[in-house]
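See structure below.
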Amino acid sequence: MLSTWDYFLCFFNTSVFLFGFCANIVIIFIIIKYHLLKHSSNVLILNLSIADCLSLCRIPFLVTEQVLNHWPFGLILCKAYRSITLTASLTSCFSIILITIERYFAVCHPLKVKKLHNRNFIIKCCSFCWVIAFVFRLPSVIYANLIAFTNEAANETCVKCVTEWPKNLKTPSIIVTIVIGFLIPCSLIIFVYYKIITTLMRSKQFQTLWASNSARNKRYKQITLLAFSIVASYLIFWIPYWTLKGITKVTSHDSDGIRMALEFFSIFRFLHSATNPLLYFAFGPNFRKHLRKLCQKEMSQQQTLETVTY
């Protein structure tokens, strides 16, 4: 029987999935329909939105497993589910690194940024991120398995989909995941943005550019603010999860409070994928403009349909 906490998690998970998945689909649709891929920054946003969509697809499986208290989908889907969602989650992280690096060259080395604004080069970088993420997550897929346990409430044997690491690989795998999946990206992002901020503060040229209200400079500022907000969102939503996970693995400390906190922050991290579209609309006027177009078109079609029906 589910507890009040379990019901809360199920409701929270479902809400995050429905909002985040639909919002990212809208972003993907807008970028493709209105041909926004001519700008390299939008290629990166498209890649991040696809990764976020696939990452959020993990939630329905988590909710189902929590409600039923077992994994009902079989071994093949267990491996496919872990392969797709884990790869997408890491690709999302790598995409944010690409966005950070693109802004670094745009601000600190503007003369070298031309290649980074080449769409084909950006597409290759995004594809490389997916390949690297898949290769890194491959061992987790290989060792994914269905583990039997006794469900005392139902008095029956059930299974769960988990990564069953060999004893000699369990601790190293946790350390490598934390280092590659969090410490290195987080340190790199913070360092690069430190360089960006110091460059902006020291350079009179950039201060003049930042104060200018020309159309070109407005777009420059909007892209920079959007990139900064995406990175800040990533750090806010992921640092609590990785910090708590690292502490529990190092200290082996376990309690109901720690378990509940880890469960909450496991879902809290998904808010990053769900809230990214809000940042695109907040700092991207093109996305707001095209969203209004979509809404107006939908309302117009609805009114036409009602008129014809009447």
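So for the sequence shown, the working numbering puts the first residue at 9; every next one is plus one. Heads up, the beta-carbon is just placed ideally off N, CA and C, and yes, glycines get one too.
According to DSSP, residue pairing for K168 in a beta bridge involves I155. DSSP, reduced to helix, strand and coil, places F81 outside both helices and strands of the structure shown, so it counts as coil.
Contact check for F25 against C169 fails: the beta carbons are separated by 9 Å or more.
Excluding five sequence positions before and after G189, the CB atoms of its chain that fall closer than 7 Å to its own CB belong to L98, C101, given in chain order.
Only residues of its own chain outside the window of five on either side were considered, and among them A156, F157, T158, N159 have a CB closer than 8 Å to the CB of T165, listed in chain order. Between A235 and E110, the C-beta gap is smaller than 9 Å, which places the two residues in contact. Taking C-beta atoms as the reference points, L45 and L54 count as a pair closer than 9 Å. Contact annotation, S103 with A59: C-beta distance approximately 6 Å; criterion of less than 8 Å satisfied. Put simply, the backbone Cα of I150 is about 8 Å away from that of K87.
Rounded to the nearest angstrom, the Cβ distance from T93 to R66 is 4 Å, consistent with a contact under 8 Å.
The beta carbon of R277 sits closer than 6 Å to the beta carbons of F245, W246, Y249 from its chain, once the five residues preceding and following it are set aside; these are given in chain order. Per the coordinates, the alpha-carbon of A269 lies some 23 Å from the alpha-carbon of W79.
Going by DSSP, F37 is part of the alpha helix (DSSP H) stretching over 12-41. Residues I104, I107, T108, I197, Y201 of the same chain have their beta carbon placed closer than 8 Å to that of V239, with the five preceding and five following residues left out of the count. In this structure, A96 and L62 form a Cβ contact; the two beta carbons are roughly 3 Å apart against a cut-off of 8 Å. Beyond the five residues adjoining it in sequence on each side, L252 comes within less than 8 Å, by CB distance, of I266, A269, L270, F273 in the same chain, given in chain order. Here the alpha carbons of R90 and V143 stand approximately 13 Å from one another. Using a Cβ distance threshold of 9 Å, S281 and N32 count as a contacting pair. Between F295 and I131, the beta carbon gap of about 20 Å keeps them out of contact (Cβ cut-off 8 Å). By the criterion of a C-beta distance shorter than 6 Å, G82 is surrounded by no residue of its chain, once the five residues flanking it on both sides are discounted.
Out of T185, V184, P118, C134, the CA that lies nearest to the CA of T207 is found in P118.
L243 and P293 have their C-alpha atoms some 24 Å from each other. In the structure shown, W173 adopts coil according to DSSP, grouped into three states.
Here P180 is exposed. Its C-beta has fewer than 16 other C-beta atoms within 10 Å.
In this chain, the alpha helix (DSSP H) harbouring P193 covers 192-210. DSSP, read as helix, strand or coil, puts G292 in coil.
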